[in-house]
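*Asks:* So for the sequence shown, the numbering used here puts the first residue at 19; every next one is plus one.
For every residue, glycine included, the Cβ atom is placed at its ideal position computed from N, Cα and C.
One structure is given below, represented as structure tokens, and several questions about it will come after.
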Amino acid sequence: MIEYEINGRIITNELDTFFQNWKSPPSTETRSKLLTGSYLVITARENGKLVGFLTTISDRVMHAFITLLEVLESHQRKGIGRRLMELAISNFKGYYDIVLITDPDKGGFYKKLGFREIYGMHVRDYTYGRDKK
Ligand SMILES: CC(C)(COP(=O)(O)OP(=O)(O)OC[C@H]1O[C@@H](n2cnc3c(N)ncnc32)[C@H](O)[C@@H]1OP(=O)(O)O)[C@@H](O)C(=O)NCCC(=O)NCCS
């Protein structure tokens, strides 16, 4: 059984098995800082083991940005990503905008949760994370 927790605590080392397809995964120091700097962290655990998580930043009234959503490869396609997203969406109910950036091959997943494509702009350091698509 998967247990979900809003504002669940994550120990930085628990993130070692995530970011599997990242060219240059965030360092331990960065992982620690992104956890403490996040507004809302939602965890999914199986028998205590972290199998998925979602992080957000927010102004706490109008805007929320889903910064990371990661489910262990071994646990994908079992509804965990969906549940983590549903919990985040319900937490931000009534907000003007819930925004995220994703790769085109993940678009179908977010569309099933009611997200729509928008026009947006950003500056990204491609040496940091996934390859440029
Ligand atoms: C993307 C990700 C979070 C999806 O999580 P998941 O737990 O595997 O997804 P779920 O099992 O909850 O899927 C929910 C629905 O979306 C569908 N779905 C899952 N991944 C999909 C994809 N890449 N494209 C289209 N649909 C997808 C599922 O088939 C399911 O459909 P259904 O409800 O009709 O049966 C997961 O694949 C992951 O962590 N990937 C690596 C990290 C990543 O890419 N994160 C997102 C970056 S923004």
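Determine the contact status of residue 22 and residue 102, defining contact as a CB-CB distance below 9 Å.
*Replies:* Yes. Within cutoff.
*Asks:* Please give me, in chain order, every unbroken run of the alpha helix (DSSP H) with length at least 4 that falls completely inside the region 23-88.
*Replies:* Complete alpha helix (DSSP H) runs here, min 4: 46-55.
*Asks:* Give me the Cβ distance between residue 42 and residue 57, rounded to the nearest whole Å; I'm assuming they're in contact under 8 Å.
*Replies:* So it is not a contact: roughly 25 Å between Cβ atoms.
*Asks:* DSSP on residue 21, reduced to helix/strand/coil?
*Replies:* Note: residue 21 maps to strand in three-state DSSP.
*Asks:* From residue 127 to residue 47, what does the alpha carbon distance come to, in whole angstroms?
*Replies:* Each residue's Cα considered, the two are about 30 Å apart.
*Asks:* Determine, using beta carbons only, whether residue 132 comes closer than 9 Å to chain D.
*Replies:* Of the chains in the structure shown, none is chain D; there is only one protein chain.
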